[in-house]
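**Q**
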Amino acid sequence: MKMEEALQAILRECMKLPESERNTPDKASMFAIGIMQDRPDLTKFKAIGDPYQHINAYLCHHLLQNRRVYPMAGVEHKNLSSPDETRTFGHGKAEIISIGGGSVGRLTLERGWRWSQDVKPIAKTEWCEAPHFHYQVSGRLHVVMQDGTEFDTVAGDVVVVPSGHDAWVVGDESVVLIDWHGATNYAKQ
């Protein structure tokens, strides 16, 4: 079975979810992980028990949102220095491009930025509900999960952070992130 066939099989199963759950990243991702666990023919495409399961689940969620499968029909090329949209918030900004049926964002978080102080008033939620899959370009970020788990991320890290967290910049250096998952609605007013 080819990767595209595997993704199509996962998509067919995920399409059985009610519409409201297909548009909820966490529910669609958990459903996708469950499908991959139950389908022996998808074994070589799953990575259950390690961090890559979230990437596979993200792919399924992306497919659900865009109702299509890879490979893409055409080539697209954009540069984050010319974003489609820029969202500003206290101590930072999110530069968003729309590409490949999804969004990619460059978040610049300045010294003093804290989600619960600078973005929470926009999001109107107790915790950040945007799941993130990002590459950190610079700075140090401290993350606290709703369950109490805490960790720092630094330049060069690739990080998957599920919904339900707070975070803040540590030190004087700005944090710059390239986010493939949480940018779509991040700090959207």
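Under the numbering used here, the first residue of the sequence shown carries the number 5, and numbering increases by one thereafter. Note that the Cβ used here is the ideal one computed from N, Cα and C, for glycine as well.
Say whether chain D places a C-beta atom closer than 9 Å to the C-beta of Asn-189.
**A** Given the protein chain composition of this structure (a single chain), no chain D is represented.
**Q** Give the DSSP bridge partners of Arg-118, in chain order.
**A** Start at 1 with the first residue of the sequence shown, and residue 118 comes out as number 114. DSSP lists Trp-172 as partners of Arg-118.
**Q** Does DSSP put Lys-124 in a helix, a strand or coil?
**A** Within the sequence shown, residue 124 is the residue found at index 120, counting from 1. Lys-124: helix per DSSP, three-state reduction.
**Q** Taking all protein chains shown into account, decide if His-58 is buried (16 or more other Cβ within 10 angstroms of its Cβ) or exposed.
**A** Locating residue 58 in the sequence shown gives position 54, where the first residue counts as 1. Residue placement at His-58 is poorly supported in this model, since its pLDDT is 45, which falls under 50; the coordinates still yield a value, given next. His-58 is buried by the Cβ-count criterion.
**Q** Evaluate Glu-99 with the Cβ neighbour count: other Cβ atoms within 10 Å of its Cβ, from every protein chain shown; 16 or more gives buried, anything less gives exposed.
**A** As a working note, residue 99 is residue 95 in the sequence shown. Burial call: buried.
**Q** Return the residue from the list Val-148, Ile-182, His-169 and Ser-167 that minimises the CA-CA distance to Ala-159.
**A** By one-based count along the sequence shown, residue 159 stands at place 155. It is Ile-182.
**Q** May I ask which residues mark the beginning and end of the beta strand (DSSP E) holding Ala-159?
**A** For the purposes of this step, residue 159 is taken as the residue at position 155 of the sequence shown. No beta strand (DSSP E) holds Ala-159; DSSP gives it neither H nor E.
**Q** Grouping DSSP H, G and I as helix and E and B as strand, with all else coil, what is Val-79?
**A** Indexing the sequence shown from 1 puts residue 79 at position 75. In the structure shown, Val-79 sits in coil (DSSP, three-state: anything other than H, G, I, E or B).
**Q** Can you confirm whether the region 170-180 touches the region 112-125 when touching is taken to mean that 3 or more C-beta pairs between the two stretches lie within less than 8 Å?
**A** In short, these stretches touch, since the Cβ pair count reaches three.
**Q** So, for Thr-188: in the same chain, excluding its five sequence neighbours on each side, which residues have a beta-carbon less than 6 Å away from its beta-carbon?
**A** Sequence index remark: in the sequence shown, residue 188 carries index 184 (1-based). Only Ser-107 meet the Cβ criterion.
**Q** Taking 7 Å as the limit between beta carbons, can you name the residues of its chain near Ala-191, skipping five residues before and five after?
**A** As a position in the sequence shown, residue 191 is number 187, starting the count at 1. Arg-91, Phe-93, Ala-98, Val-123 and Ile-126.
**Q** When burial is assigned at 16 or more other CB atoms within 10 Å of the CB, is Gln-193 buried or exposed?
**A** Indexing the sequence shown from 1 puts residue 193 at position 189. So Gln-193 ends up on the exposed side.
**Q** So, for Val-148: in the same chain, excluding its five sequence neighbours on each side, which residues have a beta-carbon less than 6 Å away from its beta-carbon?
**A** By one-based count along the sequence shown, residue 148 stands at place 144. Cβ neighbours of Val-148 beyond the five flanking positions: Glu-154 and Asp-170.
**Q** Can you list, in chain order, the residues of its chain with a C-beta nearer than 6 Å to that of Thr-157? Leave out the 5 residues immediately preceding and following it.
**A** Taking the sequence shown and counting its residues from 1, the one referred to as residue 157 is at position 153. Here the set comprises Gln-140, Leu-145 and Val-163.
**Q** Would you mind working out which of Gly-96, Ser-86 and Ile-103 sits nearest Glu-80, comparing C-alpha positions?
**A** Within the sequence shown, residue 80 is the residue found at index 76, counting from 1. When only C-alpha atoms are compared, the closest one is Ile-103.
**Q** Cα separation between Ser-85 and Val-180?
**A** Stepping through the sequence shown from its first residue, residue 85 is reached at position 81. Stepping through the sequence shown from its first residue, residue 180 is reached at position 176. Answer to the nearest angstrom: the Cα atoms are 13 Å apart.
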